[in-house]
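These notes concern the structure reproduced below.
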Amino acid sequence: MSDHPFFFTWTAQNAAKPIELTGGDRAWFTTADGGRWLDLGALAYQVNAGHGRQRIVDAIKRQADQLCLSTANAVYPAKTELAERLLAMAGPGFSKVFFTLSGAEANENAIKIARQVTGRLKMISRYRSYHGASMGALALTGDWRRPPMEPLIPGVIHVHDCDCQQCAHGNRAGNTCTHGMAREIEKTMRLDGERSTAAVFLEPVPGANGVWIPPPDYWPTVRAACDRDGALLVADEVLCGFGRLGKAFGHQHWGVTPDMITVAKGLASGYATIGAVIVHERVAKHFDANILACGLTYYAHPLACAAGVETLKLYDDEKLYENAARLGPVLLRELDAVAAKLAVKSQVRGLGLLAAIAPEAPMDRWQKLSGELAARKLSLHVEAKRGTAIFAPPLCITEEELVTGMRSFGEAAVAAFGGKQ
Ligand SMILES: Cc1ncc(COP(=O)(O)O)c(C=O)c1O
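Take 9 as the starting number for the sequence shown in the numbering used here and just add one per residue.
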């Protein structure tokens, strides 16, 4: 039993290794023991704006003074402004926003909207995916977190993802997916009953499951398959959205327009709990005359909306999406340099400020890596069971901080996996 009067998540309580956060400044956070850590993981991938951003805190305070308490169908400026900003980011054709408190709830409500609009039950998602911990979002999720909770909501079919190195269709160069895993989605729709799929849910780049970059025609091929079948396409941008991949939304790399976009994390950069479903007019118009059977007591909470508006302004003012696009190649270059030093084979993948390295090493080496990183006060996502270390720093990180951090990671990796310093 741990001494704390609350649960730690996704862990046996005896194995929890909590950190006591005290604050932070941009790419750094501080801990109660006096530590100052370089945050190469944006805590839980949400701190896109960085730590200690006073202007977001001030915006929340101002909103608390003006209007702190509201109800779902009330109207106030921060709510309208946040919706308008999200619609503008999503691009032409998007016309409505449904607010939630988290990423899981965004996906949960996208499932409900898709079912209501299409009158269909089935959904397709991928094995290497995480869509949230609630029962619908978990049903979409492909990774280890789903099986212990089954049966979940019925009708979700999982397909393989775009790991080009393992491509069952032989497209190992990663340059096309016309006959590969994107087609697999179309085949699944057909084999499982034409015109019975309500929606396909995809992360633009599967994030926490290892950063798998799709070939250029993957998304367009899936979009075309959805159009032929009448299924909706949902981009889960909870992790990839708000500049993580170097563009406002990750799917914008591939020139497709989804029917719905789900967001959370970077929307208020973790300063308040808020998510959303951004809905295209071709879907939204269904609810002009039909009841939208979705709702939450804390829908568009004023404090969260104010935090969201200020966060989006900060991204614009500081050109943080551009910074992520500029530093993406630096992150990949540094990771390639680490891979070249290691004694074990290591794949590197990445786009924008989201990247992974996958050294092929046994579990005890991964445990050693965690210790080496702690000794250097580097925070990132070490997924030992899946053999990947994932990087997703705040988008305001400087080139110097990134390079210094990655060189320090390189030393930790060589100490753990072997190689030349
Ligand atoms: C792609 C993706 N979707 C959904 C979620 C769930 O978001 P939340 O934890 O806010 O419910 C996450 C969380 O990591 C995620 O990475």
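Ideal Cβ positions, reconstructed from N, Cα and C, are used throughout, including at glycine.
Contact belief for residue i with residue j at Cβ below 8 Å, rounded distance in angstroms
i: glycine 358; j: glycine 379; result: Their Cβ separation, rounded to whole angstroms, is 25 Å, which puts glycine 358 and glycine 379 out of contact at 8 Å.
i: glycine 258; j: glutamate 245; result: 6 Å
i: asparagine 217; j: tyrosine 138; result: 6 Å
i: leucine 343; j: valine 356; result: 5 Å
i: cysteine 185; j: threonine 229; result: 6 Å
i: glutamate 326; j: cysteine 404; result: 6 Å
i: alanine 82; j: alanine 112; result: No, alanine 82 and alanine 112 are not in contact; Cβ-Cβ is about 24 Å, not under 8 Å.
i: valine 390; j: alanine 383; result: 14 Å between Cβ atoms; not a contact.
i: glycine 251; j: leucine 328; result: 5 Å
i: isoleucine 27; j: threonine 19; result: Wrong, their Cβ atoms sit about 13 Å apart, outside the cutoff.
Residue j beta carbon less than 8 Å from that of residue i
i: isoleucine 119; j: glycine 144; result: yes
i: isoleucine 365; j: alanine 351; result: no
i: leucine 148; j: phenylalanine 209; result: yes
i: leucine 160; j: glutamate 211; result: no
i: tyrosine 53; j: glycine 215; result: yes
i: serine 354; j: proline 370; result: no
i: leucine 386; j: leucine 29; result: no
i: valine 105; j: alanine 284; result: yes
i: isoleucine 68; j: leucine 311; result: yes
i: leucine 146; j: arginine 136; result: no
i: phenylalanine 452; j: leucine 339; result: No information on residue 452 is available, as it lies outside the stretch 9 to 429 that the chain covers here.
i: leucine 240; j: threonine 108; result: no
i: valine 55; j: proline 402; result: yes
i: glycine 279; j: alanine 256; result: Note that residue 279 is tyrosine in the sequence shown here, rather than glycine. No, the pair does not count as a contact, with Cβ atoms beyond the cut-off.
i: leucine 46; j: glycine 413; result: yes
i: glycine 303; j: alanine 332; result: no
i: valine 219; j: leucine 381; result: no
i: valine 213; j: alanine 122; result: no
Beta-carbon contacts of residue i that lie in its chain and below 7 Å, excluding the five residues immediately before and after
i: aspartate 73; result: none
i: lysine 349; result: Gly418, Val422, Gly427, Lys428
i: methionine 157; result: Leu146
i: glycine 58; result: Arg34, Ala35, Pro402, Cys404
i: threonine 196; result: Ile132, Ile165, Val167
i: alanine 373; result: Checking the sequence shown, residue 373 turns out to be arginine, not alanine. Cβ within range, chain order: Ala424, Phe425.
i: arginine 128; result: Ser204, Thr205, Ala206
i: glutamate 407; result: Leu335, Val338
i: leucine 410; result: Leu335, Val338, Leu339, Pro401
i: glutamate 192; result: Val167, His168
Residue i: CB within 7 Å of a non-hydrogen atom of ligand 3
i: tyrosine 53; result: Ligands in the displayed structure: ligand 1; ligand 3 is not one of them.
Cβ-based neighbour list, residue i, same chain, cut-off 6 Å, excluding 5 preceding and 5 following
i: arginine 61; result: none
i: cysteine 313; result: Ala86, Lys87, Leu90
i: isoleucine 282; result: Leu275, Ala276, Ala312, Gly316
i: alanine 292; result: Ser103, Lys104
i: glycine 182; result: Cys172, Pro223
i: histidine 294; result: Val125
i: proline 162; result: none
i: alanine 308; result: Lys87, Phe107
i: glutamate 194; result: Ala233
Close-in-space but distant-in-sequence residues of the same chain around residue i (CB under 8 Å, 5 per side omitted)
i: glutamine 375; result: Ala392
i: arginine 70; result: Ala314
i: alanine 301; result: Lys120, Gln124
i: alanine 420; result: Leu377, Glu380, Leu381, Ala383, Arg384, Leu386
i: aspartate 324; result: none
### Query
Three or more beta-carbon pairs under 8 Å between the segment 228–236 and the segment 34–50, yes or no?
no
### Task
Take every Cβ of the segment 75–83, pair it with every Cβ of the segment 250–269, and state whether three or more of those distances are shorter than 8 Å.
no
### Message
If contact is defined by three or more beta carbon pairs under 8 Å, each pair taking one atom from either stretch, is the segment 312–331 in contact with the segment 288–300?
### Response
no
### Message
Using 8 Å as the cut-off, can you tell me whether the segment 132–139 makes contact with the segment 202–215, which would need three or more C-beta pairs spanning the two stretches below that distance?
### Response
yes
### At least 3 beta-carbon pairs within less than 8 Å: the segment 224–233 vs the segment 88–102
no
### Message
Quick check: the segment 93–110 against the segment 162–175, are at least 3 beta-carbon pairs closer than 8 Å?
### Response
no
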